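A.B. asks: Residue numbers (the working numbering), protein chains in the order written: chain A, 4 to 156; chain B, 4 to 156; chain C, 4 to 156. Just so you know, even glycine gets a beta-carbon here, dropped at the ideal spot from N, CA and C. Values in this document were obtained by computation on a predicted structure and should not be read as measured data.
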Amino acid sequence: MNVDARLAELGIVLPQAAAPVASYVPVVVQGGMAYVSGQLPFIDGALVTGRLGEDVSLDKGTEAARACGLMILAQLQAALGSLDRVERIVKLGAFVSSTLEFTDQPKIANGASELMAEVFGDAGRHARSAVGVPVLPLNAAVEVDAIVAVKPD
Amino acid sequence: MNVDARLAELGIVLPQAAAPVASYVPVVVQGGMAYVSGQLPFIDGALVTGRLGEDVSLDKGTEAARACGLMILAQLQAALGSLDRVERIVKLGAFVSSTLEFTDQPKIANGASELMAEVFGDAGRHARSAVGVPVLPLNAAVEVDAIVAVKPD
Amino acid sequence: MNVDARLAELGIVLPQAAAPVASYVPVVVQGGMAYVSGQLPFIDGALVTGRLGEDVSLDKGTEAARACGLMILAQLQAALGSLDRVERIVKLGAFVSSTLEFTDQPKIANGASELMAEVFGDAGRHARSAVGVPVLPLNAAVEVDAIVAVKPD
Chain A
4 MNVDARLAEL GIVLPQAAAP VASYVPVVVQ GGMAYVSGQL PFIDGALVTG
54 RLGEDVSLDK GTEAARACGL MILAQLQAAL GSLDRVERIV KLGAFVSSTL
104 EFTDQPKIAN GASELMAEVF GDAGRHARSA VGVPVLPLNA AVEVDAIVAV
154 KPD
Chain B
4 MNVDARLAEL GIVLPQAAAP VASYVPVVVQ GGMAYVSGQL PFIDGALVTG
54 RLGEDVSLDK GTEAARACGL MILAQLQAAL GSLDRVERIV KLGAFVSSTL
104 EFTDQPKIAN GASELMAEVF GDAGRHARSA VGVPVLPLNA AVEVDAIVAV
154 KPD
Chain C
4 MNVDARLAEL GIVLPQAAAP VASYVPVVVQ GGMAYVSGQL PFIDGALVTG
54 RLGEDVSLDK GTEAARACGL MILAQLQAAL GSLDRVERIV KLGAFVSSTL
104 EFTDQPKIAN GASELMAEVF GDAGRHARSA VGVPVLPLNA AVEVDAIVAV
154 KPD
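1) List the residues of chain B that N80(C) touches, going by C-beta distances under 7 Å, in chain order.
2) Beta-carbon within less than 8 Å of T65(A)'s beta-carbon, same chain only, minus the 5 sequence neighbours each way: which residues are those?
3) Is any heavy atom of the ligand SAH found at a distance shorter than 7 Å from the C-beta of Y38(C)?
4) Could you tell me which residues DSSP puts in a beta bridge with L95(C)?
5) Going by the CB atoms, is the gap between G34(B) and G34(C) shorter than 8 Å?
6) According to DSSP, is S40(A) helix, strand or coil?
7) List the endpoints of the continuous alpha helix (DSSP H) containing Q78(A).
8) Excluding sequence positions up to five away, which residues of its chain have a Cβ less than 6 Å from the Cβ of V59(B)?
9) Pull up the DSSP beta-bridge partners for L1(B), would you.
10) Distance, Cα to Cα, L76(A) vs L86(A)?
11) Return the chain-ordered list of same chain residues with a C-beta closer than 7 Å to the C-beta of E104(A), the five sequence neighbours on each side being excluded.
12) Determine contact between the stretch 136 to 156 of chain B and the stretch 120 to 139 of chain A, defined as no fewer than three beta-carbon pairs at a distance below 8 Å.
13) Distance cutoff 8 Å, beta carbons only. Does S132(B) sit that close to anything in chain C?
14) So who's on the other strand from A21(C), going by DSSP bridges?
15) Starting from the beta carbon of V28(B), find every residue of chain A whose beta carbon is closer than 9 Å, and list them in chain order.
16) I need the straight-line Cα distance from P44(B) to N5(C), nearest angstrom please.
17) Would you kindly work out how many angstroms separate the C-alpha atoms of I15(A) and V30(A), rounded to a whole number?
18) For E117(C), return the contacting residues in chain A, with the cut-off set at a CB-CB distance below 7 Å.
19) To the nearest angstrom, how far is the alpha carbon of S19(C) from that of L13(C)?
20) If distances are taken between C-alpha atoms only, which option among G127(C), D156(C), S101(C) comes closest to A149(C)?
21) Decide if G84(B) is buried, meaning its Cβ has at least 16 other Cβ atoms within 10 Å, or exposed.
22) Can you find the residues in the same chain that come closer than 6 Å, C-beta to C-beta, to Q78(B), ignoring five residues on each side of it along the sequence?
23) As a quick exercise: from G124(C), S101(C), H129(C), pick the residue whose alpha carbon is nearest that of R9(C).
24) Would you say P109(C) reaches chain B, if we count a Cβ-Cβ gap shorter than 8 Å as a contact?
25) Determine the direct distance from the alpha carbon of R131(A) to that of K94(A), and round the result to whole angstroms.
26) Could you say which of G72(B), S116(B), R88(B) lies nearest to L2(B) if we only look at CA atoms?
27) Quick check on DSSP: helix, strand or coil for E90(B)?
28) How about R88(A) and V147(A): are their beta carbons less than 8 Å apart?
29) Does D148(B) get closer than 8 Å to chain A when you measure Cβ to Cβ?
30) Residues of chain C with a CB under 8 Å from the CB of G34(B): which are they?
31) Quick one: is P140(C) buried, meaning 16 or more other Cβ sit within 10 Å of its Cβ, or exposed?
32) Mind checking which residues open and close the beta strand (DSSP E) that includes V122(B)?
33) Spatial neighbours of L118(A) within its chain, please: C-beta separation below 6 Å, excluding the five flanking residues on both sides.
34) Classify A144(B) as helix, strand or coil using the three-state DSSP reduction.
35) Along the chain, where does the beta strand (DSSP E) that runs through V31(C) open and close?
36) Given a limit of 7 Å on CB to CB distance, which residues of the stretch 75 to 102 of chain B reach chain C?
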């Protein structure tokens with residue numbers, strides 16, 4: 004099954020690929036790898052803002068991380084032409100806006116990680132780092148970047 | 004000398020490779036590189052928790068970073084079959100749980116960096132970034148991830 | 004035009020490549036990629052210290068990020084022999100020392116991003132992540148690391 008069919012089966016509609024908020028590009032493909040810029044969580048077009056442990060619940064944060072993952076997919080589709088060119092999700096970097104007491108960054112980051120497994124199966128199983136940060140661009144709750152192996156054009 | 008002999012000479016016993024705390028894998032090998040997930044510091048099976056500048060001393064923090072490095076080696080050994088397949092430690096990313104006043108992240112990260120030099124010699128000399136973070140998963144004191152060049156199987 | 008001529012045209016003088024503040028190396032070249040360690044912002048030899056939203060202005064922070072970018076170029080020149088060996092700036096990672104209220108990390112990181120576009124044109128267009136951190140080594144205001152594709156020697 005191709006990835007578009009799999010997305011449809013899962014009922015996933017990708018968002019419009021967001022323009023970078025500054026002087027860089029969303030994806031660079033080099034040496035068989037796509038480097039995806041840190042993506043912020045948009046749900047129905049609205050940025051999920053706030054901080055875990057303060058004004059963002061565990062469920063909302065996990066949903067936000069999944070939204071970052073969906074935006075990574077949207078950026079890859081825009082850059083590669085098709086998600087069928089994804090060979091392997093190699094590494095995700097998850098930055099979670101956190102109070103000093105919030106230590107469930109892995110649960111939050113799972114929102115993005117489980118999306119990759121759902122969409123790509125074994126090819127979606129990736130290495131990951133997840134850390135707390137005090138604040139993110141535009142007060143986003145989560146930011147996720149990615150390294151993805153791609154098949155030749 | 005092979006790496007196992009070198010570890011024995013240094014008196015280093017690797018820990019059991021820890022299971023990921025969430026939906027991802029410890030190591031992905033792709034394009035000649037092993038991407039190692041962020042590893043937390045376990046000493047004698049117990050996680051080193053707390054924050055530098057607060058309740059974790061410089062010595063304890065450095066020891067914790069070394070423990071992250073040992074876990075990186077344990078994960079590589081489990082994924083590659085043998086540490087003799089390590090060609091070069093390419094990059095370490097060190098995240099140090101820090102108060103606003105603690106600015107010795109490089110000294111802490113040296114715990115992992117010096118381990119790599121001890122074990123691999125010149126092949127252990129790596130690029131690195133080290134930053135402060137307010138909090139880490141499970142309240143860990145340090146988290147370190149890695150990119151490692153590997154020889155073909 | 005070669006990169007040295009382009010730097011001269013832009014009136015850019017690279018700083019002396021700074022020695023690592025600890026046990027690692029500034030650049031590792033592996034598999035066609037140069038991995039550049041996190042660089043701190045030196046202006047006229049003095050480190051730019053402090054925190055955005057507190058004692059570092061938007062302009063000063065942006066200038067600091069540009070200084071990190073200049074140090075990345077200085078490190079690449081020292082490691083590669085010539086900046087003409089740069090094929091593509093692939094990814095920048097920007098860590099901005101930030102108060103809980105400061106959310107303009109992308110504007111700060113642009114200091115480094117726009118430098119790469121000025122110097123390398125299209126080859127300077129890169130993927131990026133930018134996040135807030137509570138504190139950085141030596142109390143630096145900004146730290147930037149890089150992944151850069153290089154042409155064979």
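C.D. replies: Straight from the coordinates:
1) Indexing the third sequence from 1 puts residue 80(C) at position 77. A quick correction: the sequence has Gln, not Asn, at residue 80(C). Correct list: empty, because the minimum Cβ distance to chain B is about 16 Å.
2) Translated into the one-based positions of the first sequence, residue 65(A) becomes position 62. The residues are K110, I111, N113, G114.
3) As for the ligand SAH, it is missing from this structure, which has no ligand bound.
4) Within the third sequence, the letter at position 92 stands for residue 95(C). DSSP lists R131(C), A149(C) as partners of L95(C).
5) Indexing the third sequence from 1 puts residue 34(C) at position 31. Indexing the second sequence from 1 puts residue 34(B) at position 31. Their beta carbons are under 8 Å apart, which means G34(C) touches G34(B) by this criterion.
6) Position 37 of the first sequence, counting from 1, holds the residue named residue 40(A). Reduced to three states, the DSSP call for S40(A) is strand.
7) The sequence position of residue 78(A) within the first sequence is 75, counting from 1. It spans 61 to 83 - the alpha helix (DSSP H) in which Q78(A) sits, taken as one unbroken run.
8) By one-based count along the second sequence, residue 59(B) stands at place 56. Counting only Cβ-Cβ distances below 6 Å, and skipping sequence neighbours, we find G53, A144.
9) The structure shown has nothing for residue 1(B), since chain B only spans 4 to 156.
10) Position 73 of the first sequence, counted from the start, is the residue given in the question as residue 76(A). Position 83 of the first sequence, counted from the start, is the residue given in the question as residue 86(A). Rounded to the nearest angstrom, the two C-alpha atoms are 8 Å apart.
11) Residue 104(A) sits at position 101 when you count from the first residue of the first sequence. These residues qualify, in order along the chain: G56.
12) yes
13) For this step, residue 132(B) is matched to residue 129 along the second sequence. It does; some Cβ of chain C falls within 8 Å.
14) Sequence index remark: in the third sequence, residue 21(C) carries index 18 (1-based). DSSP lists no partner for A21(C).
15) Position 25 of the second sequence, counted from the first residue, corresponds to residue 28(B). Here the neighbours are R128, H129, A130, R131.
16) Here residue 44(B) refers to the residue found at position 41 of the second sequence. Here residue 5(C) refers to the residue found at position 2 of the third sequence. Cα to Cα, the separation comes out at about 47 Å.
17) For this step, residue 15(A) is matched to residue 12 along the first sequence. For this step, residue 30(A) is matched to residue 27 along the first sequence. When rounded, the distance between both Cα atoms is 21 Å.
18) The residue labelled residue 117(C) in the question sits at position 114 within the third sequence. Neighbours of E117(C) on chain A, chain order: S26.
19) Counting from one through the third sequence, the residue named residue 19(C) turns up at place 16. Counting from one through the third sequence, the residue named residue 13(C) turns up at place 10. Looking at the sequence shown, residue 19(C) is not Ser but Gln. Their Cα atoms are separated by approximately 18 Å.
20) Here residue 149(C) corresponds to residue number 146 of the third sequence, with the count starting at 1. The shortest C-alpha separation from A149(C) is found at G127(C).
21) Walking along the second sequence from the start, residue 84(B) turns up at place 81. By the 10 Å Cβ count, G84(B) comes out exposed.
22) By one-based count along the second sequence, residue 78(B) stands at place 75. Once the five neighbours on either side are set aside, the close Cβ partners of Q78(B) are A20, P29, V30, V39.
23) In the third sequence, residue 9(C) corresponds to position 6, counting from 1. Nearest C-alpha to R9(C): G124(C).
24) Residue numbering aside, residue 109(C) sits at position 106 when the third sequence is read from its first letter. No, P109(C) lies away from the interface with chain B (no Cβ there is under 8 Å from its Cβ).
25) Counting from 1 along the first sequence, the entry for residue 94(A) is found at position 91. Counting from 1 along the first sequence, the entry for residue 131(A) is found at position 128. Distance between the alpha carbons of K94(A) and R131(A): 5 Å.
26) No answer is possible for residue 2(B): it lies beyond the span of chain B, which begins at 4 and ends at 156.
27) The sequence position of residue 90(B) within the second sequence is 87, counting from 1. It is a strand residue.
28) Along the first sequence, one-based indexing puts residue 88(A) at 85. Along the first sequence, one-based indexing puts residue 147(A) at 144. The answer is no: Cβ separation not under 8 Å.
29) What you label residue 148(B) is simply residue 145 of the second sequence in a count that begins at 1. Judged by the 8 Å Cβ criterion, D148(B) is in contact with chain A.
30) Within the second sequence, residue 34(B) is the residue found at index 31, counting from 1. Neighbours of G34(B) on chain C, chain order: G34.
31) Against the third sequence, residue 140(C) aligns to sequence position 137. That one is buried.
32) On the second sequence, residue 122(B) is found 119 positions in, with the first residue counted as 1. Taken as a continuous stretch (DSSP letters only), V122(B) belongs to no beta strand (DSSP E), being part of the alpha helix (DSSP H) at 108 to 123.
33) The count along the first sequence starts at 1 and reaches residue 118(A) at position 115. Only R69, G72 meet the Cβ criterion.
34) On the second sequence, residue 144(B) is found 141 positions in, with the first residue counted as 1. Coil.
35) Counted from its first residue, the third sequence places residue 31(C) at position 28. Looking at the DSSP string, the run of the beta strand (DSSP E) that includes V31(C) is 30 to 33.
36) R91, V93, K94, S101
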